[in-house]
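Take the sequence shown: its position 19, counting from 1, is numbered 19 in the numbering used here, and each next residue is one higher. For reference, the structure discussed in these notes is given below.
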Amino acid sequence: MATPSLWRQRNFLLVLGGEVVNNIGDWLLAVALPAYVYTETGSGTATAAIALLELAVSIVFGPHAGALVDRWDLRRTVIASNAAQAVTLLPLLAVDGDRIWPAWIVAVVQGVIREVNNPASFALVPRVVAAEDLTTANAINGGAGSICRLVGAPLGGIAVAAGGLPAVVWADGTTFLVVAVTTWFVRGADTGPAVQPPAGTGGEPDAVDGREHGSGVRAGWRIVRRNPALRGQLVVQTIAAFGFAMFPVLFIAFVVDVLGGDEATIGIIRGMAALGGIGAALLVGKKARRVDPVWLMAAGFAGLGTVAFVFVNVSHATTALWLYLVLFALSGLPNITSEIGSTGATQRLCPSAVLGRFQGISSALGAAAALAATAATGVLVDHMPVRILLNVQAAVYVSAGVAAWLLVARRRTDVAADATVAA
């Protein structure tokens, strides 16, 4: 039976609006806080500590946060976590050039809350969208995410430059409160706990449909471990996280050392990916019902690696800026395609009862991979040609696409039908 257009579904629009505002707030803080710390202290170590603390939170707390999400009402969790994020920004008002430590505390606390909010927001979408509309919904979210990047990152720089951290606190805090309010208006969808253990039972998980009495991390991991496609999905996401984490340092070195650019050039080129991402979301969204998300994921990663190969190696022939603007815009197409496919594949493959825990485990593994990639890249970039390292990074993307085909597409059993959807 045909479902109403997503643009006419009230709950989806509320969730989408909340995610858009939340993502703008995340980008705002991600840009503003490190920028403020660096400009006030001049210390790369103090600035890097923010990113390292956030990665450590993901590694340590991510799986446990996912387990909590599976036991809690998703709507209430999103409301509470956004309200908590707004309140816990307040210590930033005490930060100045001589007192940076509150910024580190805020980074840790925000990271902990984010590890709860992100899987809850992710798991909420299949509760308000019909299974056949999930890929379309993910495409819309992907395009919205690119817009958030275009809006949120500049806002972070403008806010901290114009009003310091107080302006950041009030602007970012407002975004979190807006999300809490929009989510509060979600009605009629079953957003209750995915796991409801009977009293007095230890319970063993059912590896087929994901319904089990154990609601902890270990019970969730047993379900994931028994499902070959879910194991493969974790491998794919971890490989991709490694590749993405290699990029920032290598990209900066490439633009400065090979293209002869500066800070403005770096920003202009990177911004083009968001424009390409918007176009990709529109294109994929139109074909979403007829395209398997697992194949979108595989093709997206393989395509991203292919564009990356061209991006770095064409520099042997020319360093004309316009060409790199075009290539980076083109990279937005496979990048967003892989994101839409990854999200849809996870929603389709993962039982709803362990969706939060799967996201938590994936977050932890991805953070560990990102930490390793960042450390390795930081060392190697001073001792190896940047073109070689960027070719390695492109190969990592392609390997993620190959892994998606070998480890997910050929092993999968869709379980999206067990999700509860409200029209």
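Ideal placement from N, C-alpha and C gives every residue a C-beta, glycine not left out.
Please classify A241 as buried or exposed, where buried requires at least 16 other C-beta atoms within 10 Å of its C-beta.
Position 241 of the sequence shown, counting from 1, holds the residue named residue 241. So A241 ends up on the buried side.
Are A86 and G25 closer than 7 Å when you measure CB to CB?
Position 86 of the sequence shown holds residue 86. Position 25 of the sequence shown holds residue 25. Not a contact, by the Cβ cut-off of 7 Å.
For P248, which option in A51, R76 and A123 has the closest C-alpha, if you only look at C-alpha atoms?
Residue numbering aside, residue 248 sits at position 248 when the sequence shown is read from its first letter. Among A51, R76 and A123, the Cα nearest to that of P248 is on A51.
For R410, which three-state DSSP category applies?
Working through the sequence shown from its first residue, we reach residue 410 at position 410. The answer is coil: DSSP assigns R410 none of H, G, I, E or B.
Straight-line CA distance for V15 to H383?
The residue you call residue 15 lines up with position 15 of the sequence shown. The residue you call residue 383 lines up with position 383 of the sequence shown. Spanning the two alpha carbons is a distance of roughly 47 Å.
Buried or exposed: where does F185 fall if 16 or more other Cβ atoms within 10 Å of its Cβ makes it buried?
Position 185 of the sequence shown, counted from the start, is the residue given in the question as residue 185. F185 comes out exposed.
Could you pull the start and end residues of the alpha helix (DSSP H) that A103 belongs to?
Position 103 of the sequence shown, counted from the start, is the residue given in the question as residue 103. W101 to V128 is the extent of the alpha helix (DSSP H) around A103.
Would you call A162 buried or exposed, if buried means 16 or more other Cβ atoms sit within 10 Å of its Cβ?
In the sequence shown, the residue the question calls residue 162 occupies position 162. Per the 10 Å Cβ criterion, exposed.
Are the Cβ atoms of I223 and V354 separated by less than 7 Å?
Against the sequence shown, residue 223 aligns to sequence position 223. Against the sequence shown, residue 354 aligns to sequence position 354. Yes. Within cutoff.
Can we say the stretch 139-159 touches the stretch 86-99, given the rule of at least three CB pairs closer than 8 Å?
The answer is no - the stretch 86-99 does not touch the stretch 139-159, with fewer than three Cβ pairs under 8 Å.
Work out the CA separation of A317 and G18 for me, nearest whole Å.
By 1-based counting over the sequence shown, the position of residue 18 is 18. By 1-based counting over the sequence shown, the position of residue 317 is 317. Distance between the alpha carbons of G18 and A317 is about 45 Å.
Compute the beta-carbon to beta-carbon distance between I239 and A403, rounded to the nearest angstrom, for a pair I have assumed lies under 8 Å.
Taking the first residue of the sequence shown as position 1, residue 239 is located at position 239. Taking the first residue of the sequence shown as position 1, residue 403 is located at position 403. Right, the Cβ-Cβ distance comes to about 6 Å (below 8 Å), so this counts as a contact.
G435 and A274 look like a contact to me (Cβ under 8 Å); what is the Cβ gap, rounded to whole Å?
No information on residue 435 is available, as it lies outside the stretch 1 to 423 that the chain covers here.
Within 10 angstroms of its Cβ, does T39 collect 16 or more other Cβ (buried), or is it exposed?
The count along the sequence shown starts at 1 and reaches residue 39 at position 39. When all chains shown are included, T39 counts as exposed.
Less than 7 Å between the beta carbons of A83 and A171, yes or no?
Counting from one through the sequence shown, the residue named residue 83 turns up at place 83. Counting from one through the sequence shown, the residue named residue 171 turns up at place 171. Not closer than 7 Å, so no.
Have a look at the DSSP bridge pairing and note the partners of D96.
One-based indexing of the sequence shown puts residue 96 at position 96. Paired residue(s): R99.
Tell me which same chain residues have a C-beta within less than 8 Å of the C-beta of N335, skipping the five on either side of it?
Taking the first residue of the sequence shown as position 1, residue 335 is located at position 335. Here the set comprises A273, G276, G277, A280, G300 and L304.
Taking Cβ to Cβ, would you say P63 is nearer than 7 Å to G360?
In the sequence shown, counting from the first residue as 1, residue 63 sits at position 63. In the sequence shown, counting from the first residue as 1, residue 360 sits at position 360. Yes. Within cutoff.
Identify every run of the beta strand (DSSP E) within the stretch 123-184, keeping only runs that are complete inside it and at least 3 residues long; order them along the chain.
Runs found: none.
Helix, strand or coil for L89 per DSSP?
Counted from its first residue, the sequence shown places residue 89 at position 89. In this structure, L89 counts as coil in the three-state DSSP scheme.
On the criterion of 16 or more Cβ atoms from any shown chain inside 10 Å, does I113 qualify as buried, or is it exposed?
Here residue 113 refers to the residue found at position 113 of the sequence shown. I113 should be labelled buried.
Within the same chain, show all residues whose beta-carbon is closer than 6 Å to that of V168, passing over the 5 residues directly before and after it, in chain order.
Walking along the sequence shown from the start, residue 168 turns up at place 168. These residues qualify, in order along the chain: A32, A159 and V160.
Would you mind giving the Cβ-Cβ distance between A103 and V57, rounded to the nearest angstrom? I have them listed as a contact below 8 Å.
Sequence index remark: in the sequence shown, residue 103 carries index 103 (1-based). Sequence index remark: in the sequence shown, residue 57 carries index 57 (1-based). That belief does not hold up - the Cβ atoms of A103 and V57 are roughly 15 Å apart, past 8 Å.
Rounded to a whole number of angstroms, what is the C-alpha to C-alpha distance between L74 and Q237?
Here residue 74 refers to the residue found at position 74 of the sequence shown. Here residue 237 refers to the residue found at position 237 of the sequence shown. Roughly 24 Å between the two C-alpha positions.
Does the separation of the CB atoms of M246 and Q347 fall below 7 Å?
Looking up residue 246 in the sequence shown gives position 246. Looking up residue 347 in the sequence shown gives position 347. No. Outside cutoff.
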